[in-house]
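Numbering (the working numbering), first residue to last: 454 to 591.
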């Protein structure tokens, strides 16, 4: 199924708006029943890895968010590129890890694929070494 650029942009904007409010249930509603989700990283971080079902989206956020110091995160969206069903979100994440107090900043790219008005794919690309080092207590 194909999705037009206008629909994809609208879905991506809803995703970003709900992400900014930390509305994990609202984010989850934007996803298709079956998804291709990948967040690479250290397997010891419980939110990394693959997910294949809509019901796994909200727990991703509720598992990840408590690991960061509230009010110490910053997300800068530098660009959104939309072509049909493909959406690229380019930005920079800065977080402070609650358990170590370490701050990290990583450029990021998120590839969303929108099909029939729902997000069917989300792949995140970021500096996983910086993330891992921030969680390392050594």
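Backbone N, C-alpha and C define an ideal beta-carbon position, used for all residues, glycine too.
Quantities reported herein were computed from a predicted structural model and do not represent experimental measurements.
Whole-angstrom C-beta distance between residue j and residue i, which should lie under 8 Å
i: residue 479; j: residue 492; result: Residue 479 to residue 492, Cβ: 19 Å. No contact.
i: residue 571; j: residue 484; result: 6 Å
i: residue 574; j: residue 566; result: 4 Å
i: residue 487; j: residue 506; result: 7 Å
Residue(s) in a DSSP beta bridge with residue i
i: residue 560; result: 545
i: residue 568; result: 571
Spatial distance of residue i from residue j (CA atoms)
i: residue 397; j: residue 510; result: The structure shown does not extend to residue 397, since the chain is modelled only from 454 to 591, so the question has no answer here.
i: residue 500; j: residue 577; result: 12 Å
i: residue 559; j: residue 517; result: 16 Å
i: residue 540; j: residue 462; result: 7 Å
i: residue 467; j: residue 561; result: 19 Å
Cutoff 7 Å; reference residue i; Cβ partners in own chain excluding five residues on either side
i: residue 522; result: 549 and 551
i: residue 458; result: 535, 536 and 537
Sequence-distant residues of its chain with Cβ nearer than 6 Å to residue i (five each side left out)
i: residue 525; result: 549
i: residue 514; result: 477
i: residue 587; result: 550, 555 and 557
Legend entry - 3-residue-minimum beta strand (DSSP E) runs that sit fully inside the stretch 469-557, ordered along the chain: 484-492, 502-506, 527-536 and 539-549
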